[in-house]
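Below is one structure; the comments refer to it alone.
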Amino acid sequence: MDRKLKVVHYLNQFFGQIGGEEKADTAPLKKDGTVGPGLLFQQLLGQEAEIVGTVICGDNHFNENLETAKEAVLELVKGYRPDLLLAGPAFNAGRYGTACGAVCEEVAGRLAIPAVTGMFPENPGVDLYKKSVYIIETKPSSMGMKDAAQQMVGLALKLAKGESLGSPAEEGYIARGVRKNYFAKERGATRAVDMLLSKMKGEPFVTEYPMPVFDRVEPSPPIEDLSQITLALITSGGIVPKGNPDHVESSSASKYGKYDIQTAEALSPETYETTHGGYDPTYANQDPHRVLPLDVIRDLEREGVIRDIYPYYYATVGNGTSVANAKKFAQEIAKDLLRDGVQAVIISST
Amino acid sequence: MALELGRIPIEGIRWGRATRIEEKVLLIHREELIERTWGGDSRITSLDADLAMPGESVRIIPIKDVIQPRVKVEGGGGIFPGLVSGKEKVGNGRTHVLEGCSVMTVGRIVGFQEGMLDMAGPGARYSSFSKLLNVVLVIDVKKGITQQEHEEALRLAGLRAAAYLGEAGRSITPAEIDHFESLESRSTKSSLPKVAYVYMLLSQGLLHDTYIYGQDLKALQPMLILPTEVMDGAVVSGNCVSACDKNTTYHHLNNPIIEELSKRDGVDLHFAAVVVTNANVTLLDKEQSSSYTAKLVEQLDVDGVIISKEGFGNPDADAMMNCAKIEERGISTVLITDEFAGADGGSQSLADAHPRANALVSVGNANTPITLPPMERVIGDVQILGRLAGGHPDSHSEDGEITVELQVILGATNELGFEALSSKEI
Numbered sequence: 001m002d003r004k005l006k007v008v009h010y011l012n013q014f015f016g017q018i019g020g021e022e023k024a025d026t027a028p029l030k031k032d033g034t035v036g037p038g039l040l041f042q043q044l045l046g047q048e049a050e051i052v053g054t055v056i057c058g059d060n061h062f063n064e065n066l067e068t069a070k071e072a073v074l075e076l077v078k079g080y081r082p083d084l085l086l087a088g089p090a091f092n093a094g095r096y097g098t099a100c101g102a103v104c105e106e107v108a109g110r111l112a113i114p115a116v117t118g119m120f121p122e123n124p125g126v127d128l129y130k131k132s133v134y135i136i137e138t139k140p141s142s143m144g145m146k147d148a149a150q151q152m153v154g155l156a157l158k159l160a161k162g163e164s165l166g167s168p169a170e171e172g173y174i175a176r177g178v179r180k181n182y183f184a185k186e187r188g189a190t191r192a193v194d195m196l197l198s199k200m201k202g203e204p205f206v207t208e209y210p211m212p213v214f215d216r217v218e219p220s221p222p223i224e225d226l227s228q229i230t231l232a233l234i235t236s237g238g239i240v241p242k243g244n245p246d247h248v249e250s251s252s253a254s255k256y257g258k259y260d261i262q263t264a265e266a267l268s269p270e271t272y273e274t275t276h277g278g279y280d281p282t283y284a285n286q287d288p289h290r291v292l293p294l295d296v297i298r299d300l301e302r303e304g305v306i307r308d309i310y311p312y313y314y315a316t317v318g319n320g321t322s323v324a325n326a327k328k329f330a331q332e333i334a335k336d337l338l339r340d341g342v343q344a345v346i347i348s349s350t
Numbered sequence: 001m002a003l004e005l006g007r008i009p010i011e012g013i014r015w016g017r018a019t020r021i022e023e024k025v026l027l028i029h030r031e032e033l034i035e036r037t038w039g040g041d042s043r044i045t046s047l048d049a050d051l052a053m054p055g056e057s058v059r060i061i062p063i064k065d066v067i068q069p070r071v072k073v074e075g076g077g078g079i080f081p082g083l084v085s086g087k088e089k090v091g092n093g094r095t096h097v098l099e100g101c102s103v104m105t106v107g108r109i110v111g112f113q114e115g116m117l118d119m120a121g122p123g124a125r126y127s128s129f130s131k132l133l134n135v136v137l138v139i140d141v142k143k144g145i146t147q148q149e150h151e152e153a154l155r156l157a158g159l160r161a162a163a164y165l166g167e168a169g170r171s172i173t174p175a176e177i178d179h180f181e182s183l184e185s186r187s188t189k190s191s192l193p194k195v196a197y198v199y200m201l202l203s204q205g206l207l208h209d210t211y212i213y214g215q216d217l218k219a220l221q222p223m224l225i226l227p228t229e230v231m232d233g234a235v236v237s238g239n240c241v242s243a244c245d246k247n248t249t250y251h252h253l254n255n256p257i258i259e260e261l262s263k264r265d266g267v268d269l270h271f272a273a274v275v276v277t278n279a280n281v282t283l284l285d286k287e288q289s290s291s292y293t294a295k296l297v298e299q300l301d302v303d304g305v306i307i308s309k310e311g312f313g314n315p316d317a318d319a320m321m322n323c324a325k326i327e328e329r330g331i332s333t334v335l336i337t338d339e340f341a342g343a344d345g346g347s348q349s350l351a352d353a354h355p356r357a358n359a360l361v362s363v364g365n366a367n368t369p370i371t372l373p374p375m376e377r378v379i380g381d382v383q384i385l386g387r388l389a390g391g392h393p394d395s396h397s398e399d400g401e402i403t404v405e406l407q408v409i410l411g412a413t414n415e416l417g418f419e420a421l422s423s424k425e426i
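Chains as they are written, first to last, in the numbering used here: chain U, 1 to 350; chain L, 1 to 426.
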């Protein structure tokens, strides 16, 4: 049976007509029907959908009480049992943008209904929420209200009806940085030849994967006196205690292990092995030092070249592991090492 | 100089009293197939032959290689030269191709990176191999032999089986004949844009190797090869790399880039040459191979180059070097690659990047999870799934469903552009 989609609109104190900066502490509240820019949205939604309620919260209140405000807004939204949420647009207002992003993420994630907001690309809410939220790109100020509303409504209706979306540029939203598989009309080889012909003729072509911006790390200055340092060992070559107690995956690792080597003089093939699935493990299993050189590092310790070895080593598998996971591992491991006064690390990869 | 590919459609496979083709049905004498596949190799201890048809509820795991049966009917040399035939140059005369079927080698795991294939259900959509009539050889070898010997024994057995079945097509009249003028014998004077193909092949050693006329590619310089030599099996896979983007021998024989460039040769482009290059492990080797490849391409005086890839991670560096060095010479490139963007698609997709690599074709995010229903029959050993790249120790759920990454499906993100899968930003 066809029925109108129910929509809830989220606004801040200003667009919600409560007041200006002096009312930014307003706690979440609801008003049935449209408020302020909601009228324009309702016109654009036409007969297909109806804004049944508006939830309003002061920007300061939301940002200063993020967790409780999110919860309170969610409860108010839920009360309307909506099919769709629209938030803002927030243009270039930072606190409003953050609130719109958080509300959309919460509603889409927990109520499993589509949520769309709009922001100027420099709004800090964009970086915080673009991965999980559809954010229509807007002008910096409310001069761009009409365009923003039109695009927000267009995208929201498509999402609510489960229609397939075009590219972010076609739909007008800020790319979420998320890759999604689909079946193209032509096989890859045909697409490659078509793209090359366009490129050679100087005609426009669209790469299917724009180059990422690489996170290049500046090397630290050399250590002058090694004899005073604690050295740690890390490997992405998968050397783990036999039996792989933490179940570190052989590829696409979602975790790393931290293993005690305080009393280990060396790594024997009876007690250590590799879980890495990207290379022939024969040689690493014969002698794990080929990947994690504890034996020679112990020699250096005895010879006084370094003061000592950090009592744990860390191991993961680099094979197909996403850069995002690797970055997360590194941040956690670096925190440990800095806390425990480690000055140098040898990272062995494979 | 030219090669004719005579295409013989196979629409059914059955065990029979003699191996022959009758009314588009390939009848196979099972015992003879087993004996000829075995080939007296004392490393092989058991060998069984099974059939898997499209739409049948069958899961095949772990698969090492897929090979199309072919036979050389006229012209020098034999199929898969240097491995199961002599070393004489191939690529001329007439070759008969059994279309619609394959030989698959399966058996105890050699490396972690072997593949899985479902013949029905949602997984079947991701691989062209699910649409083939497959002769599946389950082979076991002596305990105690090295993994390298294990790989070689199965590789050669698969080639012998494909050559044996190919023989059935020797005196059959093909339904279609495709004619490929050899590139070496054509005039280079063409007003159409000149295109070369840079064919990157994995050659990292340690079960990650490719063979040309039986030679291990990691010890070879980048070099020219004729498309017709590739069609006669001059390039053979010896790779235990991730199933999704491993170029199997079947992919080489039916290289879609070579097919596409051949089809459009003289229409909207001039197909100038194929440069085979390797993807070795050390930085020095990478620099050497990419510099030499760029030099060869420049010498060919082409306007554009298609670069294909095999594997991921480490070979991303080779791919970027090839792209950058060829572009620096004013030659346009398009690179075909898959992506490892994480299960949620939110991570960076490649292990290396270069601003000059501005025209990429993506054949999909191999980290994407997929849930597959149980199949009625398993050929091989499904318990091995937890040890394969793309599987996890907890891939099996209690109701028999499995959740894996596309990575484990053979050919799912083939970087020769064999499939239609792609990935886009949302």
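Glycine included, every Cβ here is placed at the ideal spot set by N, Cα and C.
| Check | Outcome |
| --- | --- |
| Beta-carbon contacts of M1/U that lie in its chain and below 8 Å, excluding the five residues immediately before and after | Residue confidence is low: M1/U scores 40 on pLDDT, short of 50, so the model does not pin down where it sits. Its coordinate-derived value is still stated next. There are no such residues. |
| Contact residues within the segment 288-310 of chain U, judged by C-beta distance below 8 Å to chain L | none |
| Among L165/L, D381/L, G214/L, S349/L, nearest to G428/L - alpha-carbon criterion | Residue 428/L cannot be examined here, being either before or after the span of chain L that is shown, 1 to 426. |
| Residue(s) in a DSSP beta bridge with W15/L | I28/L |
| Alpha-carbon to alpha-carbon, P221/U and I234/U | 20 Å |
| Residue-level contact to chain U via CB, P355/L, 8 Å cutoff | yes |
| Uninterrupted alpha helix (DSSP H) stretches inside the segment 105-175 of chain U (no shorter than 4 residues) | 124-129, 145-160, 168-171 |
| Interface flag, T190/U vs chain L, CB-CB below 8 Å | yes |
| Proximity of N314/L and F340/L at Cβ, strictly below 8 Å | no |
| DSSP-derived helix/strand/coil call for R94/L | strand |
| Whole-angstrom C-beta distance between S203/L and N278/L, which should lie under 8 Å | 4 Å |
| Contact list for the segment 126-152 of chain U against chain L, Cβ threshold 7 Å | K131 |
| DSSP three-state assignment for Q331/U, whether helix, strand or coil | helix |
| For C323/L, three-class secondary structure by DSSP | helix |
| T105/L versus D83/U: straight-line alpha-carbon distance, rounded | 52 Å |
| Contacts around E327/L, its chain only, beta-carbon distance under 7 Å, and the 5 residues preceding and following it disregarded | T333, R356 |
| Reduced DSSP category for E419/L - H, G, I as helix; E, B as strand; rest coil | coil |
| 8 Å contact criterion, which I163/L and I79/L should meet: CB distance rounded | Checking the sequence shown, residue 163/L turns out to be Ala, not Ile. Right, the Cβ-Cβ distance comes to about 5 Å (below 8 Å), so this counts as a contact. |
| Contact between the segment 47-67 of chain L and the segment 322-329 of chain U (3+ Cβ pairs under 8 Å) | no |
| Check whether L137/L and V103/L have beta carbons under 8 Å apart | yes |
| Under 8 Å between C-beta atoms of C354/U and A99/U | There is no way to answer for residue 354/U, as the model of chain U reaches only from 1 to 350. |
| Cβ contact (3+ pairs, closer than 8 Å) linking the segment 59-70 of chain U and the segment 112-120 of chain U | no |
| The segment 112-127 of chain L / the segment 148-158 of chain L touching (three or more Cβ pairs under 8 Å) | no |
| Beta-carbon spacing of T248/L, S237/L below 8 Å | yes |
| Which listed residue (D316/L, R125/L, A389/L, N365/L) has its alpha carbon closest to that of A353/L | D316/L |
| Proximity winner among P293/U, P311/U, A69/U, N319/U, relative to I347/U (alpha-carbon distances) | P293/U |
| Sequence ranges, alpha helix (DSSP H) only - wholly within the segment 171-207 of chain L, length at least 4 | none |
| Cβ-Cβ distance between L86/U and V77/U below 8 Å | no |
| Closer than 9 Å at the beta carbon, the chain L residues around K255/U | Result: empty, since nearest Cβ-Cβ is about 11 Å, beyond 9 Å. |
| Option in Y313/U, G320/U, S322/U with minimal Cα separation from D336/U | Y313/U |
| Contact with chain L by G109/U, beta-carbon distance below 8 Å | no |
| Separation of Y80/U from G53/U, as counted between CA atoms | 7 Å |
| Partner residues on chain U for S349/L, Cβ-Cβ distance less than 8 Å | R179, Y209, P212 |
| Minimum length 4: unbroken alpha helix (DSSP H) runs contained in the segment 211-290 of chain U | 282-286 |
| Environment of P174/L [buried if 16+ CB atoms lie within 10 Å] | buried |
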